[in-house]
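Residue numbers (UniProt numbering): 1 to 286.
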């Protein structure tokens, strides 16, 4: 290799006619051919058939139905055959099959130590007291703080001037209460309610005693009632005369109807006989 060639390689590329030629493009790798999962036959009908239906009207048959028209579902309606849902003794739920065991503390320290870090740190007691933290190593305490207070004399004075404590085990004297010997308020309220109820009952009985227990029936009312009873007797007698020709009562219904008609006629005749008399007195309590 010459010195000139080495110098050209160090300071820059060597000029050449080949640099004017356009380089050929590199061929791209060929992708695999796409193949559809559907048939290549052209559609002969609508392609909007719902795939989940069990009774299609129109579907893409593509000439002959080469594929199943309805989506295959072996047990989509009535389920699997009888006996298919029986449990297999050899297949059972085993321990830790659906869950995992809790890892130990040593395993967490090895695999995930970040999970052991606290999310919120507790405040320092020095910060809560207003200080900037614990005292530093070079800090010196304040010295020569002397007080002239005589604590012995001060405690004696406070004890002498203090009021005596009241006894805590004092038994309350209920005879000295303000309402001692007086009737409670709720008893007075109950007594007022009882008095009002008693007065209402007395007024009710007095009103009943003042009202007359009997009353004379007016003549016009007696005659109108008598005419009404006679009209009812005529109607009941007409119904009874329709069955008098039946000498042989072979059914229970005929017997019951005849007895009912006879009883009605008897009651009406008794009522007519009572209202036919003058001076009838009516009992108002009945």
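The beta carbon of each residue, even a glycine, is placed where N, CA and C say it ideally should be.
At the C-beta level, residue 274 and residue 281 stay beyond 9 angstroms of one another.
Checking the DSSP bridge columns, you'll see residue 283 partnered with 214.
Contact between the segment 263-274 and the segment 228-236 is present, with at least three C-beta pairs closer than 8 angstroms. Counting only runs that start and end inside the UniProt domain "Enkurin" (191-283), the beta strand (DSSP E) elements of at least 3 residues fall at 214-216, 281-283.
Note that the C-beta distance between residue 257 and residue 243 is below 9 angstroms. If only uninterrupted alpha helix (DSSP H) runs of at least 4 residues are considered, those enclosed by the segment 102-156 are 105-111, 125-128. Check the Cα spacing between residue 106 and each of 194, 25, 115, 15: the tightest is with 115.
Cα atoms of residue 193 and residue 283: separation of roughly 36 angstroms, rounded to the nearest angstrom.
Rounded to whole angstroms, residue 94 and residue 72 show a C-alpha spacing of 34 angstroms. DSSP places residue 20 within a helical segment (H, G or I) once states are collapsed to three. Residue 261 is not a Cβ neighbour of residue 278, given a cutoff of 9 angstroms. A direct Cα-Cα distance of roughly 23 angstroms separates residue 110 from residue 96.
When only Cα atoms are considered, residue 36 and residue 28 end up about 24 angstroms apart. One thing to note: residue 85 has its Cβ within 9 angstroms of the Cβ of residue 79.
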